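Data first, discussion second: the structure below is written as structure tokens.
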Amino acid sequence: MEVQPHHRRGMMPVLFLCLFAIAINAVLIQTVTTDDSSLKSAIRMGALGLVVVGIIFTNARVTTGIILLALYSLALLALRQNMDQLSYVFVFVLAIGMFAVEERRLEKTLMLASVGSLALVFVLLAGHVTTDVILEPRSRHTYGTNGVPFFYNLVYGAGVMAVAYAYKYRLRFRFLVLLGSIAAASYLFQQTDARGGYLAFVAFVVLLFIVPILARVYLFRVAVALLPALFLLFAFYLASLYQDDDANILWSFRPRLFQRFFENVGLSDFFLSTSVKYFDRAVTIVDNSWIHLMVGGGAVLCLVFFIMYFRAVMNLFNAGRHVELAFIIATCIYFNSESIMLRIENMFAIYFWYLILRYTSPLLANEGLPIEDAPAKAPKQKRVPGHHPEFKRLPDWARKPQDSMPALRR
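In our numbering, the protein residues as written are 15 to 424.
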């Protein structure tokens, strides 16, 4: 495959190093070190600096819109001391670097980093560096990590990234990858009882086969393009059910949790954002990425994301990118049960942001969607004056003995 004009060969090694460093660091701070370790910040800042250097030295194309979003996040960081904005800045800068490499190589790197980070958990466990702890009363195995949610994030990421890569590029053994991922995800679900992640993975497998059929229905396309807004409205609806005992039991007490959170968020927090990760007024955990986007990013950034998401999804539908759409829908479903949209240590979260930013970006406005496996059009040949194309000969079995090519008159 020829290198596209906006691709930079020198950027791929930089991204490979950064993505693997982030993935490995995520496992280490959830196993052998703590989440507030200085190693976490050092690796992230080092990766961010390396990407910036790579962008400069490879002369990668920079999108004005993404730069403005990064500057807006930096302004909110300075104005509100909202550390959540650093995650947005990291995603926006990383996206510029990811735009500069071939999509298939990027997806392969993200897939390998996802599978590798999950494998590292079991390597540490087998080497007796960590110890599996069973959490009662639901008998949930942590496999040596600090919590079940983080562990199943790795399971979900490894499963969907491997299956998506195998089916997008039609690998010969893709069905085996699918069966292996289903078996692993199902077994680990039985051991961890991580319902949100497992249901999202099952949804991805089902969507993988039904999205190509439903994509013909315009109403389905619009519904998928409006998913983030619909899910955010659903979160507000759940908060209104905080006094309903049945609803709290059904949704793991999220209605009560959401209501307590909203009671302690002011109007300025909605418009100018406030940190959700370090929210210490009354609630410390918000298990919903859409609420995190609304409050942690602010109303302006949230609205911009909804617009970008809508455009990206419609463009992906027009391009027939059904595997990516199945991934996006399933991941949006997962975002309802975990606040992981900005957990950039998860490779699937990075891939989600990449798809949204790339396929709504002005960078591609005049170029169309770069479908990597589409055959290139043959260049038009110049017509030479006085030249007549030869008559197309029939195959020998279709010609009669007296048939012959007509002589050209001069």
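Glycine included, each C-beta is placed from N, C-alpha and C at the ideal position.
All of these numbers come straight from a predicted model, not from anything done at the bench.
query = Nearest-angstrom Cα distance between K54 and L149?
reply = 26 Å
inquiry  = With the cut-off set at 9 Å, would you say A326 and R372 are in Cβ contact?
reply    = yes
key: For I354, three-class secondary structure by DSSP   = coil
ask   = So, do the segment 125-138 and the segment 165-183 have three or more beta carbon pairs nearer to each other than 8 Å?
value = yes
message = My parser needs the alpha helix (DSSP H) runs of 4 or more residues fully inside the segment 242-299; what are they?
response = 259-264, 268-277 and 281-286
ask   = By a C-beta neighbour count over all protein chains shown, 10 Å radius and 16 as the cutoff for buried, is G63 buried or exposed?
value = exposed
query = Which residues mark the beginning and the end of the alpha helix (DSSP H) in which S52 is found?
reply = S52 to F71
request  = Assuming V46 and V143 form a contact by the criterion Cβ under 8 Å, report the distance between their Cβ atoms to the nearest whole angstrom.
outcome  = 6 Å
ask   = To the nearest whole angstrom, what separates the beta carbons of A239 and F324, a pair I think is in contact under 8 Å?
value = 5 Å
Cβ pair count under 8 Å reaching 3, the segment 308-319 against the segment 186-202 = no
request  = With DSSP as the reference, label H336 as helix, strand or coil.
outcome  = helix
ask   = When the Cα atoms are used, what is the spatial distance from N262 to F250?
value = 14 Å
query = Relative to the alpha-carbon of S289, which residue among S101, R23 and V65 has its alpha-carbon at the smallest distance?
reply = S101
query = In chain order, which alpha helix (DSSP H) runs of at least 4 residues are fully inside the segment 150-195?
reply = 162-182
ask   = Is the distance from the Cβ of E338 to the Cβ of K182 below 9 Å?
value = yes
task = Just tell me which of L369, E359, N96 and T374 has its CA closest to the CA of S128.
result = E359
request  = Along the alpha helix (DSSP H) that carries V219, what are the first and last residues, could you check?
outcome  = R209 to L228
key: Inter-residue Cα distance where the pair is E381 and A180   = Any reading at E381 needs caution, since the residue's pLDDT is 45, under 50, leaving its predicted position unreliable; the model's value is listed next. Distance between the alpha carbons of E381 and A180 is about 26 Å.
inquiry  = Suppose you measure from the CA of S153 to the CA of V162; what does that come to, to the nearest Å?
reply    = 11 Å
Own chain residues within Cβ distance below 7 Å of L221, not counting five before or after = A340, I343 and A344
key: Separation of A199 from L91, as counted between CA atoms   = 38 Å
message = Please classify T78 as buried or exposed, where buried requires at least 16 neighbouring CB atoms within 10 angstroms.
response = exposed
task = Sort S353, L31, D98 and N96 by Cα distance to G111 and report the nearest one.
result = L31
task = Quick one: measure Cβ to Cβ for V219 and I196, integer angstroms, because I've assumed they're closer than 8 Å.
result = 6 Å
key: Beta-carbon proximity list for P389, same chain, < 7 Å, skipping 5 on both sides   = In this prediction, P389 scores a pLDDT of 35, lower than 50, which makes its location untrustworthy; the coordinate-derived value is nonetheless stated afterwards. Within the same chain, P389 has no close Cβ partners at all.
query = Exposed or buried, which one is L271 when buried takes at least 16 other CB atoms within 10 Å?
reply = buried
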